[in-house]
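Numbering (my numbering), first residue to last: 0 to 397. In what follows, a structure is listed as structure tokens, so that the remarks can point back to it.
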């Protein structure tokens, strides 16, 4: 099955008929269909498929002669943000399977095992912790630390796994025999467009975090309550969102409030509580800490004037990641590809932080838009990415 055929198979799964965006939420029917598709595609290629207690999957292409050499791992994820694009995650999985097809067509025989992985809940769209599957398998977090997390509907993680037919707290994928990891991903920006090249290599991932801001005030009538008598947490939130925008622009960094929950959420009521989530990303760890500290301080100052209160909780924070420089240089030399940074988080960053030599390949995104139905990659560039990944795997598994 060609890259194009595999891609056509995936396009309808989890797609919204109204927005055209994808809702491939972990441990739901669309995500289960994707996991089943992956297993079938891998088995059709004679690969050995493993699925762990979280739903993480890996399909192994074993060498003809058994070896104790460390394995080469590639792949990405199949889940999406709410109303996300088609390419973020699945491009890396489909390209990895297609790269194995290319290598076999070339007559290549690996001297070490090649694995194609699918990590669960990479986006953190359901339980709020990005790269949850890879964090668990690398030991960056523990089952006990995350099992009681709730989604937006109040469902615990362990109950969601059970409902999906998985074993909460069961055995996880082992990466003990993995010698390196390469993740192919659609670029989430316009660097490759500006350079007019189809493929690039990642140098680093910016540090980033997700922070929950809980603003508490006093519910009251929207018509009868004088403006000077209000304790309105929405005002405190609004100033905080503006402060985040201003401070990020001044520092040439990134800050976004993209999710909001309001109680009681009535048109004719002053809210009693507003919860907002800040996504902050910076060029280094110190800048990230300074940016969040500044936003938080200004928010507290505003809360004292509004008669409201504020609690800030860091739900997940990932430090900066520099990918293996020797590996990046080796990959870049294969096709004279540029080496560029990324502001987006990836499973590759988690594996790199765990001490596994890691690299990333990017495929050009003509719009630069991501986490949106408008996310794009041209077929010709995707096929160039497949060839680039095949060349990379050939070098690493020879």
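Beta carbons: idealized from backbone N, C-alpha and C, even for Gly.
How far does the alpha helix (DSSP H) with residue i in it reach, from first residue to last?
| i | result |
| --- | --- |
| residue 351 | 346 to 352 |
| residue 147 | Where residue 147 is concerned, there is no enclosing alpha helix (DSSP H), given that its DSSP letter is neither H nor E. |
| residue 297 | 284 to 305 |
| residue 401 | One cannot answer for residue 401 here, as it falls past the ends of the chain, which runs 0 to 397. |
| residue 30 | 28 to 43 |
| residue 50 | Segment 47 to 50 is the beta strand (DSSP E) holding residue 50; no alpha helix (DSSP H) there. |
| residue 153 | Residue 153 -> no alpha helix (DSSP H), and no H or E assigned at all. |
| residue 232 | 232 to 250 |
| residue 136 | 131 to 137 |
According to DSSP, which residues form a beta bridge with residue i?
| i | result |
| --- | --- |
| residue 180 | 72 and 357 |
| residue 276 | 211 and 258 |
| residue 204 | 320 and 341 |
| residue 194 | Looking at the DSSP assignment, residue 194 forms no beta bridge with any residue, so it has no partner. |
| residue 375 | Answer by DSSP bridge pairing: none, since residue 375 is not bridged. |
| residue 199 | 361 |
| residue 116 | 57 and 74 |
| residue 185 | 362 |
Could you give the DSSP three-state label for residue i: helix, strand or coil?
| i | result |
| --- | --- |
| residue 268 | strand |
| residue 219 | strand |
| residue 314 | strand |
| residue 7 | helix |
| residue 337 | coil |
| residue 83 | strand |
| residue 384 | helix |
| residue 56 | strand |
| residue 308 | strand |
| residue 126 | coil |
| residue 14 | strand |
| residue 253 | strand |
Going straight from the alpha carbon of residue i to that of residue j, what length do you get?
| i | j | result |
| --- | --- | --- |
| residue 192 | residue 228 | 53 Å |
| residue 280 | residue 64 | 46 Å |
| residue 267 | residue 331 | 58 Å |
| residue 26 | residue 160 | 7 Å |
| residue 93 | residue 240 | 38 Å |
| residue 398 | residue 327 | Nothing about residue 398 can be read from this structure; the chain reaches only from 0 to 397. |
| residue 171 | residue 49 | 10 Å |
| residue 263 | residue 232 | 12 Å |
| residue 336 | residue 329 | 10 Å |
| residue 400 | residue 165 | Past the boundaries of the shown model lies residue 400; the chain is included only from 0 to 397, so the question cannot be answered. |
| residue 34 | residue 223 | 54 Å |
| residue 96 | residue 115 | 7 Å |
| residue 86 | residue 354 | 27 Å |
| residue 367 | residue 381 | 15 Å |
| residue 23 | residue 13 | 5 Å |
| residue 339 | residue 76 | 21 Å |
| residue 311 | residue 395 | 44 Å |
| residue 169 | residue 245 | 46 Å |
| residue 249 | residue 190 | 22 Å |
| residue 271 | residue 261 | 8 Å |
| residue 89 | residue 225 | 53 Å |
| residue 298 | residue 234 | 10 Å |
| residue 238 | residue 206 | 25 Å |
| residue 175 | residue 296 | 43 Å |
| residue 19 | residue 82 | 8 Å |
May I ask you to check if the CB of residue i is nearer than 8 Å to at least one heavy atom of the ligand NAD?
| i | result |
| --- | --- |
| residue 1 | Absence of the ligand NAD from the depicted structure is noted, as is the absence of any ligand whatsoever, leaving it without description. |
Could you tell me whether any Cβ in chain B is nearer than 9 Å to the Cβ of residue i?
| i | result |
| --- | --- |
| residue 394 | Although the question refers to chain B, the structure presented lacks it and comprises just one protein chain. |
How is the beta strand (DSSP E) around residue i delimited, first residue to last?
| i | result |
| --- | --- |
| residue 110 | First-last for residue 110: undefined, no H or E at that position. |
Using 8 Å as the threshold, is the region 249 to 262 in touch with the region 299 to 313, meaning 3 or more CB pairs across them?
-> no
Hey, is the region 133 to 148 in contact with the region 3 to 18, meaning 3+ C-beta pairs nearer than 8 Å?
-> no
Determine contact between the region 214 to 234 and the region 284 to 296, defined as no fewer than three beta-carbon pairs at a distance below 8 Å.
-> Contact fails between the region 214 to 234 and the region 284 to 296, because fewer than three Cβ pairs, one in each stretch, are under 8 Å apart.
Counting Cβ pairs, one atom from each stretch, are 3 or more of them under 8 Å apart for the region 307 to 318 and the region 98 to 106?
-> no
Segment contact, 8 Å Cβ cut-off, at least three pairs: the region 110 to 122 with the region 138 to 146 | no
Give a yes or no on contact between the region 58 to 74 and the region 34 to 46, applying the rule of three or more CB pairs nearer than 8 Å.
-> yes
Inter-stretch contact (C-beta, 8 Å, three-pair minimum) for the region 192 to 208 and the region 353 to 369 | yes
Any contact of the region 175 to 195 with the region 67 to 82, i.e. 3+ C-beta pairs under 8 Å?
-> yes
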